[in-house]
Amino acid sequence: MTHGNRQGERAWCLYDFGNSAFALVCMTAVLPPYVASLVNARWGAPAGTVAWGWTASLGLAAGAVLGPPLGALADGRGWRKRMLAVFAALGVAATAALAAALPQHWPAALVLYVVAASGFAGANLFYDALLPGLAPPPRWDAVSARGYAYGYVGGALALLGVMAMATAFGEAGVRGGFVLTAAWWAVFTVPLLRQVPEPPWGGEGQPLARLRATFRAARQHRMLWRFLLAYWLYNDAIGTVIKMAAAYGAELGIPMRHLVGALLLTQAVGVPATVGFGRLGRHLGPQRGILVALGGYVLVCVWGLALSKAWQFWALAGLVGLVQGGAQALSRSLYARLVPRGREGEFFSFFDVSGRMAGVLGPALFAVAAGSWGSGRVGVAVVLLLFLAGGAALTTVRLDGRG
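So the mapping is simple: my numbering equals the position in the sequence shown, first residue as 1, plus 1017.
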């Protein structure tokens, strides 16, 4: 692939524009409080928060387990785009099916969410693995940040469409919104499949043999694995904030219109903030830029422990918007600096596993804490500790220790 393919870069970013509809509507803003309210109506709070925490964890577990062997297979056969298409199609189909399951069959909807989230996670593995071949290294921070910025815009527009349908048609509009979300994801997958060339094959050999060789080479990439530990810890916390914020707000009695409005504020603030973090990464380096973002998240958690009013939820949502995309974009570009060329798929599968295992553990810890103490505030305290541990681990990573 020719480095600096600007048309390919735009197509790559448009995939984030599309799949962020699922991330915002189904993982964050609409489905979690909707399902939590159905569960709470049956069993009382915090049953809804607990149920969603476990469901969110299961939704990413399959992608985490399958990631390394599938990444090795994609590298060895040149199938990164093909595997992305398969997982995206799985996620799109399950998302559309949510419309038929809710509200009467909400347990079936939870199963469908697990399937859709697994497709989302699997597709993202191969999406991330396309970055190193898409642009020269000096552009990785900017391209990665632009992808997240596109995602903020796409997710916000899709959510506005869903809320317009809900306002016009009530609960039927909410169900139709899941169909809209699926279609949005599908349509903006097409440019990537058409315009982003498949990277060169990583070499011959059996996928599992290549995977074993990757593990054997771990000692040669100590900084990479040290970064993955740090990323697992702090991204665990970021993922929990994303997946549990609306359910936590619903538990505290914050009205749905405020929850959705605040999350839209996160998207609006996130667009320029993510681009700004891309520039910050060029000046300070991605590692220091991530630490700045994690400092913002620590403030979010400390304030979140005392959250009680709608305006506070709005303020916290704005602060999250300032740092969320920057932390994720700079993490991806920092990791790209540590990955051996030609083995992006299998090594990015470890990056994806680290992130998805965070998505498995964080909401589960939140659910256990909330269920054990009868309050989501205890879950917020757990998230705060994860941010602090992840930041401390990140300070031990040296970028000159790649090989």
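Yeah, the Cβ is synthetic: ideal placement off N, Cα and C, and Gly gets one too.
For the alpha helix (DSSP H) holding residue i, just list the boundary residues, first then last.
| i | result |
| --- | --- |
| T1198 | 1188 to 1204 |
| A1105 | 1097 to 1118 |
| E1268 | 1239 to 1268 |
| M1273 | 1273 to 1301 |
| R1211 | 1207 to 1212 |
| V1056 | 1048 to 1060 |
Can you grab the Cα-Cα spacing for the pair residue i / residue j, in whole Å?
| i | j | result |
| --- | --- | --- |
| A1263 | A1386 | 17 Å |
| L1276 | P1357 | 42 Å |
| A1410 | V1160 | 26 Å |
| F1034 | G1164 | 8 Å |
| S1074 | V1082 | 13 Å |
| S1389 | P1380 | 14 Å |
| A1134 | G1270 | 27 Å |
| G1187 | L1333 | 28 Å |
| H1238 | M1182 | 50 Å |
| Y1248 | A1406 | 10 Å |
| I1259 | V1400 | 12 Å |
| P1153 | F1205 | 24 Å |
| L1129 | L1176 | 20 Å |
| V1319 | H1122 | 37 Å |
| D1158 | F1330 | 30 Å |
| A1353 | Y1032 | 19 Å |
| L1119 | L1297 | 44 Å |
I believe residue i touches residue j by the beta-carbon criterion, under 8 Å. Please report the beta-carbon distance rounded to the nearest angstrom.
| i | j | result |
| --- | --- | --- |
| F1367 | D1145 | The pair is not a contact, with the Cβ atoms about 11 Å apart (cut-off 8 Å). |
| A1113 | V1132 | Rounded, the Cβ-Cβ distance is 11 Å, inconsistent with contact. |
| G1343 | T1291 | 6 Å |
| G1378 | I1307 | In the sequence as presented, Gly is not what sits at residue 1378; that position holds Leu. That belief does not hold up - the Cβ atoms of L1378 and I1307 are roughly 20 Å apart, past 8 Å. |
| V1213 | A1038 | No, V1213 and A1038 are not in contact; Cβ-Cβ is about 20 Å, not under 8 Å. |
Report the three-state DSSP secondary structure of residue i (helix, strand or coil).
| i | result |
| --- | --- |
| P1357 | coil |
| V1325 | The displayed chain sequence assigns Ser, not Val, to residue 1325. Note: S1325 maps to coil in three-state DSSP. |
| T1412 | coil |
| P1153 | coil |
| N1453 | Outside the modelled stretch of the chain, which goes from 1018 to 1420, sits residue 1453, for which no answer is possible. |
| L1127 | helix |
| T1019 | Reliability of the predicted coordinates at T1019 is poor, the pLDDT of 44 falling under 50, and no value is obtained from them. |
| Q1121 | coil |
| E1215 | coil |
| L1147 | coil |
| P1063 | coil |
| G1168 | helix |
Pairs of beta-carbons, one from the stretch 1102 to 1119 and one from the stretch 1140 to 1153, closer than 8 Å: are there three or more? yes
*Between the stretch 1049 to 1063 and the stretch 1303 to 1310, do at least 3 Cβ pairs fall closer than 8 Å?*
no
_the stretch 1306 to 1315 touching the stretch 1337 to 1357, judged by at least three CB pairs closer than 8 Å_ = yes
- Message: Measuring CB atoms only, is the stretch 1060 to 1073 touching the stretch 1162 to 1176, in the sense that at least three cross pairs come out at less than 8 Å?
- Response: no
Segment contact flag, the stretch 1145 to 1157 with the stretch 1283 to 1295, C-beta cutoff 8 Å, min 3 pairs: no
Does the count of Cβ pairs from the stretch 1037 to 1046 and the stretch 1192 to 1200 closer than 8 Å reach three? yes
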